[in-house]
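Participant: Chains as they are written, first to last, in my numbering: chain A, 1 to 486; chain B, 487 to 1545.
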Amino acid sequence: MNSLLNRRSFLNHSARGLSGIALSSLFQQDQSLASDQAPIRPEIDPKHPFRARNAHHPAAAKKVLVIFCAGACSQVDTFDYKPELIKRHGQAMPGAEGLKTFQGEQGNLTKSPWEFKPRGQSGKMISELVPHLAELADDMCFIHSMTGKTNTHGPGENFMSTGYTLDGFPSMGAWSTWALGSECEDLPAYVAISDPRGTPQSSVNNWGPGFLPAAFQGTEFNSGKSVGNLEIPKGVSTKTDRATRDFLKRMNERHLEKFPGDSELAARISSYELAARMQLSVPEVTDLSTEPNSILKEYGADDPGNPLKASFAKNCILARRLLEKGVRFVQLFNGAYQTGGEGVSNWDGHKKIVDQYSKHGPVLDQPCAALLKDMKRRGLLDDTLVVWTTEFGRMPTFQKGASGRDHNPDGFTTWMMGAGVKAPFTYGASDEFSYKAVENITTVYDFHATILHLLGLNHEQLTFYHNGFERRLTDVHGHVIHDILT
Amino acid sequence: MVIAATGSWALAAIFFLFAPSLFAIDFEKNIEPILKSRCLECHGSEKQKGQFRVDRLASLLQGGDSGEAAVVPGNPKNSFLIKAIRHEEPDYEMPPRGEKLTDAEIALIEDWIREDAETPERLGPAEERVELIHWSFVPLKKSAQANSIDGFVGVKLAENGLTLSERADRRALIRRLYLVMLGLPPTPEQVERFMDGESDEAWNALVEDVLASPHYGERWATHWLDLVRFGESNGFETNRERLTAWPFRDWVIDSFNQDKPYDQFVREQIAGDSVGSPIGTGFLVAGPFDTVKGQDPKLGLMQRMNELDDMINTTGTAFLGLTTGCARCHNHKFDPVSQVDYYAMQAVFAGVKHGEAKMPLTKTAHQKLTKIRSEIADLKTKMEPFISVSTGAAVAIDDAAAILLEEKRGHGVKLGGPEPNLSGGSYTWWTRTESKDVIVYQPRVSGSYRIWLSWGAGHESHSTDTRYILQSVSGEKEIAKVNQQQLADGSGKVNGKSLWSGLFDAGVHELKADDKLVVRGGKTGTAMTADIVFFQPALSEGMPSLRAAVNAKHNLESFAPTPARFVRFSIAKTNRGQPCLDELEIFSGDKNVALTSNGAVATSSGDFVHPKHKLEHINDGQYGNSKSWISENTEGWVQIEFPDTMTISRIEWARDREGKFDDRVAIDYQIEAAVEPGKWMTLASSADRMPVGEKQSPPELYRFTGENAAQGLQWHAQLKQLEAEAEKIDKSQMVYAGKFAQPGTTHRLYRGEPDAKREEVGPDAIAVFASLGLEANAPEKERRVALADWIASPDNPLTARVIVNRLWQFHFGTGIVDTPSDFGRNGSAPTHPELLDWLAMELIENGWSLKHMHRLILQSATWQQSNRPSSEAMKVDATSRLLWRFPPRRLEAEGIRDSILAVTGSLDLNNRGGPGFSPFEVEMENVRHYHPKKKFGPDDWRRMVYMTKIRQEREQVFGAFDCPDASQAVPKRSRSTTPLQALNLLNSQFVIQQADLFADLLELESDDREAQIRTAYERCFNRPATDMEISDANSFIEAEGLNQFTRAMLNTNEFVFIP
């Protein structure tokens, strides 16, 4: 047990407590204002920063998988079915005269080029862009009334991943692993699997630690790219490497004898042991050669005609393997930063949405659906929450003079699946065209509050003191969406 | 009710003259019971939810968290209380539980407000001053408790039954001193020198040494740069580099090294442009900047609010230890910062924008520049004879562009011949047939023209009598018969190597628009050839030549002085899209007479409509795409009319002088002048320019021909070099230190929403502390100067306390207040409040000298005590907050990296200041991507403070050691221990290379294994190795080699912890 940190937090509390008492007669009003609910700080053993820690309340989900479609995937063309939009295809959107969105003026209402069909027993209408995912309609819990705060990609990704549009705030995975550690100490507690085409627009902000300790940043790797500095240096044999570590350990232990009880020194010795275990376990988990052909085929990882899809499929398999090992938080990205032009490498379909989505759809669809089915088969969905999201939605109109849709943060779709959420279920709704959320309007703060809640964490009490603020993932907002919980 | 309905002020005044009891609504009878039963539980003397209470008049008038007045006497519509009880405000539906107030109750309250909201005296006055009693808000206090650091620390220790530890040993002390003060370990020689002297003077001398070291500023600047979120890229999506930000980093380093008084240091960062230190305002714009702007106007406003918020927050937390950010949306919950205060601060910074500013040159730089400029002027005078005059309306037709009448046999290529070679790289050849025409040149000009011919030479097979025939309606005229074996001037070797002939003067001829020049077979040779032909206006002088192709950034047309009232620039073709000109400059002497400000008027064939692209930009004196003109159609013209006839001799034009765009460039154009409308004459055109994309001909301004050509070329080379030097000095003037302009009005924004504007707010400080006494429309600079003066005042209770606490933190790991940027009521209380005040007063009384504070701290027994644990003391104070020992801690990322480079002998300590070095290869996409470098050399071995600070991307090895990325201000780094850190230090190419270099260095110093081990211990730990350590190392090296030993040494705890 870590006496150092406990002592520190005790002292902090008592110091503040004391000043509180001393001033209470003078500042009576502040006492009631200070905080309705006291912060709950995780007790982190410096020798085992990733060891599993208790949640605030019993958790429905132990692990989280976030599937993030970068570039703003259109809800209009995937999951948000609007018969009225089809009916009024080609007409001006009422009340949208002079409306200027991110890139400028809007053209007419435009129905999705992809047909919607009823799916599963629930009959949920989902488009032909994602036929494999559509097969899972009965397992999905849709939120059709999500709203954001910005219509620019970078800040939008920041907002979805960190709760702030600005750079430099901790990502939800960092908050989760800071609070809970991991179920597997031999792998990074938090893994970000970037798209085969590269990192998303807002890059490492999506899995950054912000001001939380660096230990809780997401570690980025994927099926084609390993963890940096994991390998033994060239020309050094395993035996020599081992001997060097042993020698280092002897030196550190001799030094530690002079500082009995100083846990930071002991923690640093442990970190080298943990590193050695990671050197074994990361290559093992990324080695997909042990996967049977049937699995490769199901995910599409063997598709010679679509190498991009095959690469993404391998990332999907990797995600499953990490979750099986007990990694706490996995972010799986589909879509990268803008390269080769707008919407070529991600879901940013401003001008040629049919061309571009016809390429992106198949890359996402089969591998992602296979991952979810595979997880379901293996029972992983029992304790894993799956979250599908994007940074914001798109307009039901085409842009003036173009054949694609502009950014729209005022009403878009996300869905969840697995531990703790109802399915099939639909929560909230956008208006008749899928332009604005109108029913059970949901914010990203609510979304985050709900994810934390499912992990057993109270979003108002999970706070970290930084630069004068008790910071939260949800800032000063957010309500758990109880209606979607089982 | 009746009164309200009549709405007469006279009637109201009459009632006012009578007693309040005459009002229809009686507060005590009608209103107070409602408030008592429905509001008081949460908004009374016990609780004040949302900082609002209904039992005090001042609170009713001021309102609570929302920043909105709850009661506006006489105006129920604007009273927030009414909106809340009517449930018209989301999140403020009152009362939150139980039944809504009845319509009758609401109506009563409305009437009460309408009737001026009278309350009895026991609800207090309309304004209640907030009394400042929080410890950090009251003035500094002298304490009788003690009068030294050790005294104050001793008192606290004694209270807890503790004492200071013994003094650390001298080796630990010097190592600690160097690591804390310089971020570098001492060399073994420095340690030995110190070990020789035992006295206090030796220690004091050592303290003076480190304070005088230039590396002190480098070390302590790192702390400051963290605090002010200094970065060298914009962050956000595109994360472009900020190439001129580094001078601020150097400015901070210099400020520490010069021991700039702290109050001045503060002033210069907020208002350096007004107090002679303009680089200092780099502070204001050191933070991230979102450059992706959409069309959505609300989004744009929000981005601007965020920029200002970053400045307000950083100013508040860095200097005052006060969080102000909450007050953007509502009154601060804990500190006396209201929404109005926040927007008053916003008004102070409202004129500050991100961007570069031009700095005054240093004296030396100025002298140097003056010298270079005069040299440039001299050279230019000397070179005047070489200035090329445009061939004006010359027309050049290459063989490739002419019409072939006979099928060619081939091309002569790899042409030698006279320079500059205008052949375009090849000529065309045919089998000769007597009297057969092979090629037609059609210039489509009329008037008197000199015709210049050229052909392919060098082969015996070529005809010696090729004819050139001018064909017109009136008949044919042979203008030349040439020998195509030789050059135009009759020289040249005929040895089978293809040559361009150079230009042959075929005399002056009168041309009509339909006239053609044909090349006709003569009587000799088996082959005949053709190459470029020029038609030069007869009045032009000299031999024609092709000018450089047009380019996007700058084009010059010079011509013989010509009178003009109108100048028209007509464009027939561009490289892509409708033509764009960012500015059309027409010179009479050195004066640009085309400017609107000089009375010129622009017209055009039609304009592309866009806020950035307007006709007025063609002659507004501003460059760049966003101040440019674009033609409505792909063909078009723009015309300038002068107020009078001017004599002009030069025109300069460009697509985008800022060099960001290269489309829309006119490649087929004509520039004409007229004194009377309609009577145009051509001044210049694209006809004598090289085609775009071809190899460039010689410099367009000068043409070096004749006997002095060699001299001219030499001068020209010199001129280029001088101009480059001048530009470099000139560029060094640009610093990312913000741009300042007089702002418009600032408003309080309800909930911080840009479209919920409330009352106007003038620039000011936080009201409970001080007023800056500025007018609402005070000049921009004055606003910042006034704020800076208030912050930097010795009477400001926060400023001095905050900075001495920061110094303490960087010495001991934790401050006296462990929430260094929050001295407000939500922050922690100081462990040693008397000491904190004593230090703050010491600072102020000693001219705000930070070095003075360092001396005090470094000379204290508290600082010099051992860091060894004691189990007894740890039971009382495990974190050593009471300072019974020097608290142990790991070095920061910079300290570890610089120490590695120092002990391996790689560190370049002399390369101080200037542009940084980057740990990344930059992928130049619109959205920048930074890939970790794979190879390192001496350029990378400067101190880490000089490493270009890219936001978001942490350096691949040391970033994992809690190195912030400058997206947020960091007053205190976290200190985590992670397996990734271990992997980075063990396996990274950077560290392995250093371990190898370290091994090389040890081997170079001695062949003896034991000596090598001893040296390694001295260099890494500043202490001798023990016998046991030597024997362990010896057997390890025997088995695994010296490089593995050095690799292990750089990974040890002893190496990365401050002793």
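Backbone N, C-alpha and C fix where the C-beta goes; we use that ideal spot for every residue, glycine too.
Within 10 angstroms of the Cβ of residue 883(B), are there 16 or more other Cβ atoms? Answer buried if so, exposed if not.
Facilitator: buried
Participant: Are there three or more Cβ pairs, one per stretch, closer than 8 Å when the segment 1128-1136 of chain B is compared with the segment 1044-1062 of chain B?
Facilitator: yes
Participant: For residue 1120(B) and residue 1430(B), I'd like the C-alpha separation in whole angstroms.
Facilitator: 53 Å
Participant: For chain A, find out if any of its Cβ atoms is closer than 8 Å to the Cβ of residue 1352(B); answer yes or no.
Facilitator: no
Participant: Just confirm the distance between the C-beta atoms of residue 579(B) and residue 570(B), as a whole number of angstroms; I'd bet it's less than 8 Å.
Facilitator: Indeed, because the Cβ distance is near 7 Å, the residues count as touching under 8 Å.
Participant: What residues in its chain sit with their C-beta under 8 Å from that of residue 633(B), if we drop five residues either side in the sequence?
Facilitator: 1324
Participant: Return the residues of the segment 246-263 of chain A that lie within a Cβ-Cβ distance of less than 8 Å from chain D, sorted by chain order.
Facilitator: The chain labelled as chain D is not found among the protein chains of the depicted structure, namely A and B.
Participant: Between the segment 179-213 of chain A and chain B, which residues of the former have a C-beta closer than 9 Å to a C-beta of the latter?
Facilitator: 188, 198, 199, 201, 202, 203, 204, 205, 208, 209, 210, 211, 212 and 213
Participant: How many whole angstroms separate the CB atoms of residue 745(B) and residue 1337(B), which I take to be in contact at a CB cut-off of 8 Å?
Facilitator: 4 Å
Participant: Could you tell me whether the Cβ atoms of residue 1116(B) and residue 1099(B) are closer together than 8 Å?
Facilitator: Contact flag set, yes.
Participant: Below 8 Å CB to CB, which residues in the same chain sit around residue 1030(B) once its five sequence neighbours on both sides are set aside?
Facilitator: Excluding its 5 nearest sequence neighbours in each direction, residue 1030(B) has C-beta neighbours in its own chain below 8 Å: 877, 880, 882, 938, 989, 1020, 1022 and 1174, listed in chain order.
Participant: For residue 1353(B) and residue 1290(B), what's the separation of their Cα atoms in angstroms?
Facilitator: 22 Å
Participant: Can you give the Cα-Cα distance for residue 730(B) and residue 266(A), rounded to whole angstroms?
Facilitator: 43 Å
Participant: Beta-carbon within less than 7 Å of residue 15(A)'s beta-carbon, same chain only, minus the 5 sequence neighbours each way: which residues are those?
Facilitator: The predicted position of residue 15(A) is uncertain, since its pLDDT is 35 and thus under 50; no value can be drawn from it.
Participant: Could you please give me the residues that DSSP links to residue 421(A) through a beta bridge?
Facilitator: 485(A)
Participant: Please state whether the Cβ-Cβ distance between residue 362(A) and residue 140(A) is less than 8 Å.
Facilitator: no
Participant: Across the segment 711-719 of chain B and the segment 1449-1459 of chain B, are there enough close Cβ pairs to call them in contact, namely three or more that are closer than 8 Å?
Facilitator: yes
Participant: Suppose contacts are defined by Cβ-Cβ distances below 8 Å. Is residue 1306(B) in contact with residue 807(B) by that definition?
Facilitator: Taking 8 Å as the Cβ cut-off, residue 1306(B) and residue 807(B) qualify as a contacting pair.
Participant: Only counting runs of 4 or more residues, tell me where the alpha helix (DSSP H) segments fall wholly within the segment 1343-1372 of chain B, in order along the chain.
Facilitator: 1347-1350 and 1357-1362
Participant: Between the Cα of residue 175(A) and those of 82(A), 154(A), 253(A) and 330(A), spot the shortest distance and give me the residue it belongs to.
Facilitator: It is 330(A) whose Cα lies nearest to the Cα of residue 175(A).
Participant: Have a look at 620(B), 636(B) and 668(B) and flag the residue whose alpha-carbon is nearest the alpha-carbon of residue 1544(B).
Facilitator: 668(B)
Participant: So which of 256(A), 290(A) and 77(A) has the shortest CA-CA distance to residue 113(A)?
Facilitator: 77(A)
Participant: On the DSSP bridge list, what partners appear for residue 193(A)?
Facilitator: In DSSP, residue 193(A) forms a bridge with 332(A).
Participant: Residue 1381(B) to residue 1433(B), Cα distance in whole Å?
Facilitator: Between residue 1381(B) and residue 1433(B), the C-alpha separation is close to 13 Å.
Participant: I need the DSSP call for residue 756(B), collapsed to helix, strand or coil.
Facilitator: helix
Participant: Could you please give the first and the last residue of the uninterrupted alpha helix (DSSP H) stretch that includes residue 1166(B)?
Facilitator: Premise fails: residue 1166(B) is in no alpha helix (DSSP H) and is neither H nor E.
Participant: Would you identify the three-state DSSP class for residue 722(B), choosing helix, strand or coil?
Facilitator: coil
Participant: At 4 residues or longer, what runs of the alpha helix (DSSP H) sit wholly inside the segment 150-232 of chain A?
Facilitator: DSSP runs (the alpha helix (DSSP H)) wholly in the segment 150-232 of chain A: 153-162 and 172-180.
Participant: In the DSSP assignment, find the unbroken beta strand (DSSP E) run with residue 966(B) in it and report its ends.
Facilitator: 961-968
Participant: Using a Cβ cut-off of 8 Å (strictly closer), state whether residue 501(A) contacts chain B.
Facilitator: No information on residue 501(A) is available, as it lies outside the stretch 1 to 486 that chain A covers here.
Participant: Report the neighbours of residue 1579(B) on chain A: residues whose CB is nearer than 8 Å to its CB, in chain order.
Facilitator: Nothing about residue 1579(B) can be reported from this structure: the residues present for chain B run from 487 to 1545 only.
Participant: Along the chain, where does the beta strand (DSSP E) containing residue 399(A) start, and where does it finish?
Facilitator: Counted as a single uninterrupted DSSP element, the beta strand (DSSP E) harbouring residue 399(A) occupies residues 397-399.
Participant: What's the C-alpha gap between residue 688(B) and residue 700(B)?
Facilitator: 20 Å
Participant: Looking only at C-alpha atoms, which of 338(A), 82(A) and 379(A) sits nearest to residue 321(A)?
Facilitator: 379(A)
Participant: Taking the beta carbon of residue 340(A) as the centre, do at least 16 other beta carbons fall within 10 Å, making it buried, or is it exposed?
Facilitator: Answer is exposed; the Cβ neighbour count stays below 16.
Participant: Beta-carbon within less than 7 Å of residue 392(A)'s beta-carbon, same chain only, minus the 5 sequence neighbours each way: which residues are those?
Facilitator: 72, 148, 151, 156, 407, 408, 409 and 412
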